[in-house]
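Student: One structure, as structure tokens, below. Some questions next.
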Amino acid sequence: MSPAPKIQVRGLRLAYGTREVLHGVSFDVREHEILGVIGPAQSGKTSLLRCINRTIEFTPGSHVTGSIAVDGEDVATTRNVYELRRKIGMVAPLPVGLPLTIYDNVAFAPRCAGLRSKAELDEIVERCLTQAALWDEVKDRLTSLGTKLSGGQQQRLTIARALSHQPEILCLDEFSIAIDPVTTMRIEDVLKELRRHMTIILVTNLTQQARRLADRTLFLWNGDVIEIDDTEVIFSEDPADPRTYDYVHGIIG
Amino acid sequence: MSDPTGIDRNRFATTPAVRAKQRTEAVVRGVLLTMAAATIVPLVAILAYLVTEAAPALSLEFLLDVPRKGMTEGGVWPAFVGTLYLVGLSLAVSAPIGILAAVYLNEYARDNWFNRLINLAVINLAGVPSIVHALFGLGAFVYAAKLGYSILSASLTLAIMTLPVIIASTREALASVPRSFREACWNVGATRWQTIWSIVLPNSVSGILTGVILQVSRAAGETAPIMFTGAVFYKAVQRGDLFPYQLGEQCMALSMHLYTVSTQVPGVREAVPAATAVVLLGSVLLVNAAAIGLRVWLRNRKKW
């Protein structure tokens, strides 16, 4: 018996109004793995992440059926949705520096959770910025605005913020779309380091990024899970579904 | 034809078609500029007319003194203070209600029949003519609520009149804060209120305040609503007294006073209504200038 999955998704359907974008997807995310999620645009990757931390609720007209369990607890009926969201770090495709200082950007989540001690906040800010490979660049100007940083720095700031509430799961949604290849490689190194502490879901348009980082890869297409398997299998010459082969080899999609 | 260097020499030549385009461009630009400039003319004309008319009566004394000799002499102090009371009190009521209602509508409300009804009510309330507000104020506050003809009734009537516009301008200010900021906050487990308080409000406060301050000029200028509910023809007040009125009393107001001295009192010098108008216009422009100043100052502190 393998250990209980960190996240268990069963028959998840999501509709925006009458348009269904996820047609009953089911998969598990194992603890301490990097799960790559690949698939073309409009296949429902971002929507999937937003179902997991229930921010999908903020989209008017969205309707979710099926179940998602995080650590065995159904997210739809969880008593404390804010606790659930703190358990999950979320990094959006475009960097969002909140209009606060760099320090406050990272200290925002702990403060929302009720932490007030300056010493603890200092420690969290330094640790998260270090983990996001940004500390050395900003340690002398923590009081300047997060929105004044360059795009790549803001993206790392976003990652630092996602780590600031000590999540057990980190969801990255095409994090490298706005940053240069060198910074991307640095963050990828960070991710390899982080997976010792947490479970990572890596949504990416770059199939090669999934190939480099992911333990297992899920191929999502038009709201259906086509295939989920070990990354080597997905990228091998004979994955279970021919469409997977076609997609990762650039024949379709 | 291209020459041996491979460059088409006719490419950048001024053909008749090009000249026609340039001519149209010049004409359109000229017409648009004229229209834009035309909006300056009435303002300058009004100001020039009023100031030249008012010049003989205009002085600090005119502002501070009370009307004398059956309103034909003296100043406008009771009306000026009355307007301050009415505007201050009505905004003290409508600004908090309007801002909080707008926060609800923009940040919390889901798209259901009830909230659509609220939206519809706000839009229609904004379209109600001020004389109808006056009648409503008369019925609701003066008679039904038994507040009588008073500053309170008049202020509440003005508050209802300014409310929908404050709601609309506040919603616009809130909507100008990018949604991605809110999502970033929700993602780290912030509640809606934590998001609103720490991110949305600080970044929309300039727009909100500007919207509220611009309602000062409307509240100060309206005559009909206060005429029916609490503004009075004449009230004996000490010269320069800042607190001459009780809230349950009637008061004088600049807009009403302007109407009175222009049409109701015989034998008033031409300069007196003009000077009253200058005081009204001057205070409103001063408040608007303050609003613009505040907006610029807050926008410079804006963080993205």
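Residue numbers (the working numbering), protein chains in the order written: chain A, 23 to 275; chain B, 1367 to 1670.
Even for Gly, the Cβ is constructed at its ideal location relative to N, Cα and C.
#1: Among B:D1477, B:V1582, B:R1558 and B:K1601, which has the Cα closest to the Cα of B:L1524?
#2: When you compare only the Cα positions, how much space is there between B:I1489 and B:R1635?
#3: Using C-beta distances below 8 Å, list every residue in its chain close to B:T1380, excluding the 5 sequence neighbours before and after it, in chain order.
#4: Taking only three categories from DSSP, how would you classify A:T253?
#5: Report yes or no: is there a C-beta of chain B within less than 9 Å of the C-beta of A:P62?
#6: Relative to chain B, which residues along the stretch 129-158 of chain A have a C-beta separation below 7 Å, given in chain order?
#7: Are the CB atoms of B:T1528 and B:S1460 nearer to each other than 9 Å?
#8: Whole angstroms is fine: what's the gap from A:Q295's alpha carbon to B:L1567's?
#9: Let me know the alpha helix (DSSP H) ranges lying completely inside the stretch 1570-1603 of chain B, each 4 residues or longer, listed in chain order.
#10: Quick check: the Cα distance between B:A1541 and B:N1472, rounded to an integer number of angstroms?
#11: For B:S1621, name the three-state secondary structure that DSSP assigns.
#12: Residue ranges of each beta strand (DSSP E) run of no fewer than 3 residues wholly in the stretch 50-113 of chain A, ordered along the chain?
#13: Within the same chain, show all residues whose beta-carbon is closer than 7 Å to that of B:S1368, passing over the 5 residues directly before and after it, in chain order.
#14: Does any residue of chain B have a CB that is nearer than 9 Å to the CB of A:F80?
#15: Quick check: the Cα distance between A:E105 and A:V92, rounded to an integer number of angstroms?
#16: Of all Cβ atoms in chain B, is any one closer than 9 Å to the Cβ of A:S172?
#17: Compute the beta-carbon to beta-carbon distance between A:A135 and A:H187, rounded to the nearest angstrom, for a pair I have assumed lies under 8 Å.
#18: Quick check: what's the CA-CA separation for A:E145 versus B:G1493?
#19: Could you list the residues in the stretch 182-194 of chain A with a C-beta less than 8 Å from some C-beta on chain B, going in chain order?
#20: Alpha carbon to alpha carbon, how far is A:V97 from A:D50? Give it in angstroms, no decimals.
#21: How about B:F1594 and B:G1503: do their beta carbons lie closer than 9 Å?
#22: Could you tell me which chain A residues have their CB closer than 8 Å to the CB of B:S1546, listed as they occur along the chain?
#23: Taking DSSP as the reference, what is the three-state secondary structure of B:T1380?
#24: Using only the alpha-carbon positions, how far apart do A:R164 and A:P62 sit?
#25: If you run the structure through DSSP and keep just helix, strand and coil, what is A:D246?
#26: Between A:T77 and chain B, is the shortest Cβ-Cβ distance under 9 Å, so that the two count as touching?
#27: Within the chosen definition, does the stretch 41-60 of chain A reach the stretch 238-248 of chain A through at least 3 CB pairs nearer than 8 Å?
#28: According to DSSP, is A:L44 helix, strand or coil?
#29: In chain order, which beta strand (DSSP E) runs of at least 3 residues are fully inside the stretch 151-198 of chain A?
#30: Which residues, taken in chain order from the stretch 1545-1567 of chain B, show a beta carbon closer than 8 Å to some beta carbon of chain A?
#31: Nearest to B:Y1600 by alpha carbon, out of B:L1486, B:T1438, B:A1500 and B:A1403?
#32: By DSSP, does B:D1374 sit in helix, in strand, or in coil?
#33: Where does the unbroken beta strand (DSSP E) through A:E37 begin, and where does it stop?
#34: Between the stretch 1461-1480 of chain B and chain A, which residues of the former have a C-beta closer than 8 Å to a C-beta of the latter?
#35: Go ahead and label A:N244 buried or exposed: buried means 16 or more other beta carbons lie within 10 angstroms of its beta carbon, across all protein chains shown.
#36: Determine whether the Cβ of B:N1485 lies closer than 9 Å to any Cβ atom of chain A.
Tutor: With the structure as the only source:
#1: Within the second sequence, numbered from 1, the residue matching residue 1524 of chain B stands at position 158. When each option's Cα is compared against that of B:L1524, the closest is B:V1582.
#2: Mapped onto the second sequence, residue 1489 of chain B falls at position 123. Mapped onto the second sequence, residue 1635 of chain B falls at position 269. Rounded to the nearest angstrom, the two C-alpha atoms are 43 Å apart.
#3: Reading the second sequence from its first residue, position 14 is the one you call residue 1380 of chain B. For B:T1380, where only same-chain residues beyond five positions count, there are no Cβ hits under 8 Å.
#4: Here the question's residue 253 of chain A lines up with position 231 in the first sequence. Three-state result, A:T253: helix.
#5: Numbered from its first residue, the first sequence carries residue 62 of chain A at position 40. Closer than 9 Å: no.
#6: F130, A131, C134 and A135
#7: For this step, residue 1528 of chain B is matched to residue 162 along the second sequence. For this step, residue 1460 of chain B is matched to residue 94 along the second sequence. Yes.
#8: Past the boundaries of the shown model lies residue 295 of chain A; chain A is included only from 23 to 275, so the question cannot be answered.
#9: 1590-1595
#10: To locate residue 1541 of chain B, count along the second sequence from 1; it is residue 175. To locate residue 1472 of chain B, count along the second sequence from 1; it is residue 106. Each residue's Cα considered, the two are about 7 Å apart.
#11: Here residue 1621 of chain B refers to the residue found at position 255 when the second sequence is read from its first residue. Looking at B:S1621 - three-state DSSP - the assignment turns out to be helix.
#12: 56-60, 84-92 and 110-113
#13: Within the second sequence, the letter at position 2 stands for residue 1368 of chain B. Confidence in B:S1368 is poor, its pLDDT being 49 and thus under 50, which makes the residue's placement too unreliable to answer from.
#14: For this step, residue 80 of chain A is matched to residue 58 along the first sequence. Yes, contact with chain B.
#15: The count along the first sequence starts at 1 and reaches residue 105 of chain A at position 83. The count along the first sequence starts at 1 and reaches residue 92 of chain A at position 70. Each residue's Cα considered, the two are about 12 Å apart.
#16: As a position in the first sequence, residue 172 of chain A is number 150, starting the count at 1. So no, A:S172 is outside the interface.
#17: Here residue 135 of chain A refers to the residue found at position 113 when the first sequence is read from its first residue. Here residue 187 of chain A refers to the residue found at position 165 when the first sequence is read from its first residue. With a Cβ gap of about 6 Å, A:A135 and A:H187 count as contacting.
#18: The sequence position of residue 145 of chain A within the first sequence is 123, counting from 1. The sequence position of residue 1493 of chain B within the second sequence is 127, counting from 1. Approximately 56 Å between the Cα atoms of the pair.
#19: R183, A184, S186 and H187
#20: Working through the first sequence from its first residue, we reach residue 50 of chain A at position 28. Working through the first sequence from its first residue, we reach residue 97 of chain A at position 75. Each residue's Cα considered, the two are about 15 Å apart.
#21: By 1-based counting over the second sequence, the position of residue 1594 of chain B is 228. By 1-based counting over the second sequence, the position of residue 1503 of chain B is 137. Closer than 9 Å, so yes.
#22: Residue mapping note: residue 1546 of chain B aligns to position 180 of the second sequence, counting from 1. Going along chain A in sequence order, the residues near B:S1546 (Cβ under 8 Å) are A114, L116 and V118.
#23: Position 14 of the second sequence, counted from the start, is the residue given in the question as residue 1380 of chain B. It is coil, neither helix nor strand.
#24: Taking the first sequence and counting its residues from 1, the one referred to as residue 164 of chain A is at position 142. Taking the first sequence and counting its residues from 1, the one referred to as residue 62 of chain A is at position 40. What sits at residue 164 of chain A in the sequence shown is Leu, not Arg. The alpha-carbon atoms of A:L164 and A:P62 are separated by roughly 38 Å.
#25: Sequence index remark: in the first sequence, residue 246 of chain A carries index 224 (1-based). Correct three-state label for A:D246: strand.
#26: What you label residue 77 of chain A is simply residue 55 of the first sequence in a count that begins at 1. So yes, A:T77 belongs to the interface.
#27: yes
#28: Start at 1 with the first residue of the first sequence, and residue 44 of chain A comes out as number 22. Of the three classes helix, strand and coil, the one that applies to A:L44 here is strand, per DSSP.
#29: 191-195
#30: S1546, F1547, R1548, E1549, A1550, C1551, W1552, N1553, V1554, G1555, A1556, T1557, Q1560, S1564 and I1565
#31: Residue 1600 of chain B sits at position 234 when you count from the first residue of the second sequence. When only C-alpha atoms are compared, the closest one is B:T1438.
#32: The residue labelled residue 1374 of chain B in the question sits at position 8 within the second sequence. Coil.
#33: To locate residue 37 of chain A, count along the first sequence from 1; it is residue 15. Reading off the sequence, residue 37 of chain A comes out as Ala, not Glu. It spans I29 to Y38 - the beta strand (DSSP E) in which A:A37 sits, taken as one unbroken run.
#34: R1476 and D1477
#35: Here residue 244 of chain A refers to the residue found at position 222 when the first sequence is read from its first residue. Exposed, because fewer than 16 other Cβ atoms sit within 10 Å of the Cβ of A:N244.
#36: Reading the second sequence from its first residue, position 119 is the one you call residue 1485 of chain B. Not closer than 9 Å to any Cβ of chain A, the Cβ of B:N1485 fails to qualify, so no.
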